[in-house]
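Heads up: the structure comes next, in structure tokens.
2 protein chains.
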Amino acid sequence: MISGRCAACKNQRRKCPSDCIFSPYFPANDPQKFACVHKIYGGSNVGKMLQGIPTYLREQTANALYLEAKWRIHDPVYGSVGIISSLYEQIKNAEIELAKIQTQITFYKLQTQHVEAEPNSEVLQSQSSNMEQFEWDNPTIASWFN
Amino acid sequence: MISGRCAACKNQRRKCPSDCIFSPYFPANDPQKFACVHKIYGGSNVGKMLQGIPTYLREQTANALYLEAKWRIHDPVYGSVGIISSLYEQIKNAEIELAKIQTQITFYKLQTQHVEAEPNSEVLQSQSSNMEQFEWDNPTIASWFN
């Protein structure tokens, strides 16, 4: 921080103006953060994107751009799309597992219902509401890829 | 397709060379695809990224870049990070729901175990393996944000 320039202005070897768009989000002590977004989007594109965002949301924007850039550097083919596919896959597997459990609970309920009058109705209700949650969410996930 | 130029070369108003890096992945009949990546990364950055990828993986790369760009245009603050957070949240909620179900099944098992010798051990086993799956996966998800 000797020169007082932010990471972006240091990287671009220019003076850091007092109203620098990068300065609050790319401090000099974290040069890697700017280096990542610079490599993927180009510095001027990042500046343009930040300019288009209200000030109070710029920090979140800079951080999200940094994460996306880092993921793309880590996985130059799929980037964040790879992470989303993996999470989507995980949710699909959980759905299958939940459906299996639901079947097993139903089977068990049928097996034991002659013992008690109202066996396990609470468990079945909770399970069923959980399945509905997944059914609501998935069309949204699928639409992200269209 | 009258001019035979790809969407990128049309957009940049230049001749489309026979070895154009964009041509196979940005056809003229889908100008929106190039327009999106051009807006977010800049055309030359996209070209550079594709150049760094083996030919057989360039289509997946172009498609992933397009999806990321589309998500960022749709959500200029969070982009694909917003989608990942929402999926992560969904998995966390499913974990909580599964833990509740597990507790309910255990409770039910204890309530009914005086009726049968081996009540519902299969259900409990499946449930427990499912919970482990989530426990393994989550440190990975958390590390994506670091």
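One line per chain: the protein sequences are A and B, in this order. The first sequence begins at 1 in the numbering used here and counts up by one. The second sequence begins at 1001 in the numbering used here and counts up by one. Glycine is no exception: its CB is placed at the ideal position from the N, C-alpha and C atoms.
Chain B within 8 Å of Glu89 (chain A), Cβ atoms only
no
Closest residue to Cys1036 (chain B) among B:Ile1053, B:Gln1060, B:His1074, B:Leu1110 (Cα-Cα distance)
B:His1074
According to a CB-to-CB cut-off of less than 7 Å, which residues of the region 56 to 68 of chain A neighbour chain B?
Leu57, Gln60, Thr61, Ala64, Leu67, Glu68
For the region 54 to 70 of chain A against the region 1069 to 1089 of chain B, do three or more pairs of beta-carbon atoms, one drawn from each stretch, fall closer than 8 Å, so that the two count as touching?
yes
If we cut at 8 Å on Cβ distances, does Val1037 (chain B) have a partner in chain A?
no
Would you mind reading off the limits of the alpha helix (DSSP H) that contains Arg13 (chain A)?
Per DSSP, Arg13 (chain A) belongs to no alpha helix (DSSP H) and is neither H nor E.
Any chain B beta carbon closer than 8 Å to Gly79 (chain A):
yes
Given a cut-off of 8 Å on the beta-carbon distance, is the pair Ala1008 (chain B) and Gly1043 (chain B) in contact?
yes
Which term fits Phe107 (chain A), buried or exposed, when burial requires 16 or more other beta carbons within 10 angstroms of its beta carbon?
exposed
Report the three-state DSSP secondary structure of Arg72 (chain A) (helix, strand or coil).
helix
Find the residues of chain B that neighbour Ile53 (chain A), judging by a C-beta separation of less than 8 Å, and give them in chain order.
Pro1076, Val1077
Alpha-carbon to alpha-carbon, Val77 (chain A) and Arg1058 (chain B):
7 Å
Rounded Cβ spacing between Gly1052 (chain B) and Ile1021 (chain B) (contact assumed at less than 8 Å):
Contact doesn't hold; Cβ gap of about 11 Å is too wide.
Straight-line Cα distance separating Pro1027 (chain B) from Ile83 (chain A):
27 Å
Among B:Ala1062, B:Gln1111, B:Ile1040, the one whose alpha carbon lies nearest that of Ser1023 (chain B)
B:Ala1062
Taking just the CA atoms, how far does Val81 (chain A) sit from Ala1064 (chain B)?
6 Å
For Gly1004 (chain B), count the other beta carbons within 10 Å of its own beta carbon; 16 or more makes it buried, fewer makes it exposed. Which is it?
exposed
Span of the alpha helix (DSSP H) holding Pro1054 (chain B)?
Looking at the DSSP string, Pro1054 (chain B) is not in any alpha helix (DSSP H), and its letter there is neither H nor E.
Starting from Ser1086 (chain B) and walking both ways along the alpha helix (DSSP H), at which residues does that stretch end?
1079 to 1112
Examine chain A for any beta-carbon lying closer than 8 Å to the beta-carbon of Ala1008 (chain B), and answer yes or no.
no
Considering only C-alpha positions, which residue in the set B:Leu1050, B:Asp1030, B:Asn1011 is nearest to Asp1019 (chain B)?
B:Leu1050
Looking at chain A, is there any beta carbon in it that lies within less than 8 Å of the beta carbon of Gly1042 (chain B)?
yes
Am I right that Ile1091 (chain B) and Ile91 (chain A) are in contact with their C-beta atoms under 8 Å? What's the rounded C-beta distance?
6 Å
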